[in-house]
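> Below is a structure I'd like to ask you about.
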Amino acid sequence: MSGDAHAHAHAHADGNDDVEFGASHAHDGLKPHRHERLYGPGSFAKRRKGSTVRGQTFADRAYTVGIGGPVGTGKTALTLALCRALRDAYDVTCVTNDIFTKEDGEFLIANDALGDANRIRAVETGGCPHAAIREDISSNLNAVEELTAAYPNCDLCLMESGGDNLAANYSRELADYIVYVIDVCGGDKIPRKGGPGVTQADLLVVNKCELADAVGASLDVMERDAKIQREDGPVVMAQVKKGVGVREIARHILADWSERTGRAEKPF
Numbered sequence: 001m002s003g004d005a006h007a008h009a010h011a012h013a014d015g016n017d018d019v020e021f022g023a024s025h026a027h028d029g030l031k032p033h034r035h036e037r038l039y040g041p042g043s044f045a046k047r048r049k050g051s052t053v054r055g056q057t058f059a060d061r062a063y064t065v066g067i068g069g070p071v072g073t074g075k076t077a078l079t080l081a082l083c084r085a086l087r088d089a090y091d092v093t094c095v096t097n098d099i100f101t102k103e104d105g106e107f108l109i110a111n112d113a114l115g116d117a118n119r120i121r122a123v124e125t126g127g128c129p130h131a132a133i134r135e136d137i138s139s140n141l142n143a144v145e146e147l148t149a150a151y152p153n154c155d156l157c158l159m160e161s162g163g164d165n166l167a168a169n170y171s172r173e174l175a176d177y178i179v180y181v182i183d184v185c186g187g188d189k190i191p192r193k194g195g196p197g198v199t200q201a202d203l204l205v206v207n208k209c210e211l212a213d214a215v216g217a218s219l220d221v222m223e224r225d226a227k228i229q230r231e232d233g234p235v236v237m238a239q240v241k242k243g244v245g246v247r248e249i250a251r252h253i254l255a256d257w258s259e260r261t262g263r264a265e266k267p268f
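UniProt numbering numbers the first residue of the sequence shown as 1 and each following residue consecutively.
This is the structure we're talking about:
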């Protein structure tokens, strides 16, 4: 990327440039990071995993679960359900993203997602939601690090992105585990349309399965196409509002959390 296209100052502190992430640099005094560059929808089998990111430490940034997906698929409902499912057994914090408001964060607080409202931080992205979780992760990274400092025993941070298109996905410098949420209301063509979220997320959730008949979507087709696109990567067919699939989603997250942190899973 040319200097004209990327006008802010770069601080190349470590001298190591990652081809997929670009050069390490910082914004406004925040910690250095790299901008992830996507050249296509990618592959589940060949996806970059959080454990390959250099210099990562959970002491500075808690293990982070990125929840993404298009507008209206049920990301906030899933975030709330996971908070409620995990909060008694695990030390949980949460970061939400909205473009010009703090709507989702306020919703979680109003619904007593974590008990302590200070455990929830709302980020106003002020532009395309995908930019704040991939191209310039500074605000979100700072929010997670501040929460980790405030709650040093934090086991994991749930991060909800703003709703975006199928090309949106998290940078692996921000999210250790990625859950991508689609729903049946977009039609059963959505899984085969693919995109980085569908193909490279650690877990794909097909939500609102109870509405399939109402919108003329085939759950069999969606599950089949999702598994093809994801090379048999995990897919959960869910009804989050009814609690269906939530514990299965949590188990996927916790299995990775345990492997990455070296800590035993706790009953929840």
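Don't be surprised by glycine CBs; every beta carbon is placed ideally from N, CA and C.
Because the structure is a prediction, the values reported are computed rather than measured.
1) Rounded to the nearest angstrom, how far is the Cβ of Y63 from that of D176, given a contact under 8 Å?
2) Once the 5 residues before and after A117 are set aside, which same chain residues still bring their CB inside 8 Å of it?
3) Quick one: is T52 buried, meaning 16 or more other Cβ sit within 10 Å of its Cβ, or exposed?
4) Should the stretch 155-162 be regarded as contacting the stretch 74-94, the criterion being three or more beta carbon pairs within less than 8 Å?
5) Could you check whether the stretch 227-238 touches the stretch 202-210, counting it as contact only if at least three pairs of C-beta atoms, one from each stretch, sit closer than 8 Å?
6) Would you mind giving the Cβ-Cβ distance between A226 and P191, rounded to the nearest angstrom? I have them listed as a contact below 8 Å.
7) DSSP beta-bridge partners for G68?
8) Among N169, D112, K102, E248, whose alpha-carbon lies nearest the alpha-carbon of A131?
9) Could you compute how far the alpha carbon of I228 sits from the alpha carbon of A217?
10) For the alpha helix (DSSP H) that contains R84, what are its first and last residues?
11) I need the straight-line Cα distance from A250 to L86, nearest angstrom please.
12) Going by Cα to Cα distance, which pick from I178, E135, R84, L166 is closest to G195?
Considering the structure as presented:
1) Position 63 of the sequence shown, counting from 1, holds the residue named residue 63. Position 176 of the sequence shown, counting from 1, holds the residue named residue 176. Confirmed, Cβ separation roughly 5 Å.
2) Indexing the sequence shown from 1 puts residue 117 at position 117. If we look at A117 and ignore the five residues flanking it on each side, its Cβ neighbours are I109.
3) Position 52 of the sequence shown holds residue 52. Because the pLDDT at T52 is just 49, under 50, the model does not fix this residue reliably, and the point stays unresolved.
4) Yes, the stretch 155-162 touches the stretch 74-94.
5) At 8 Å Cβ cutoff, the stretches touch.
6) Translated into positions along the sequence shown, residue 226 becomes position 226. Translated into positions along the sequence shown, residue 191 becomes position 191. The pair is a contact, with the Cβ atoms about 4 Å apart (cut-off 8 Å).
7) Here residue 68 corresponds to residue number 68 of the sequence shown, with the count starting at 1. Y180.
8) Counted from its first residue, the sequence shown places residue 131 at position 131. That would be N169, whose Cα lies nearest to the Cα of A131.
9) Taking the sequence shown and counting its residues from 1, one reaches residue 228 at position 228. Taking the sequence shown and counting its residues from 1, one reaches residue 217 at position 217. The straight-line gap from Cα to Cα measures roughly 18 Å.
10) Locating residue 84 in the sequence shown gives position 84, counting from the first residue. Start and end: 75-86.
11) Translated into positions along the sequence shown, residue 250 becomes position 250. Translated into positions along the sequence shown, residue 86 becomes position 86. Annotation: A250 to L86 spans about 8 Å, alpha carbon to alpha carbon.
12) Residue mapping note: residue 195 aligns to position 195 of the sequence shown, counting from 1. Cα-wise, what sits closest to G195 is L166.
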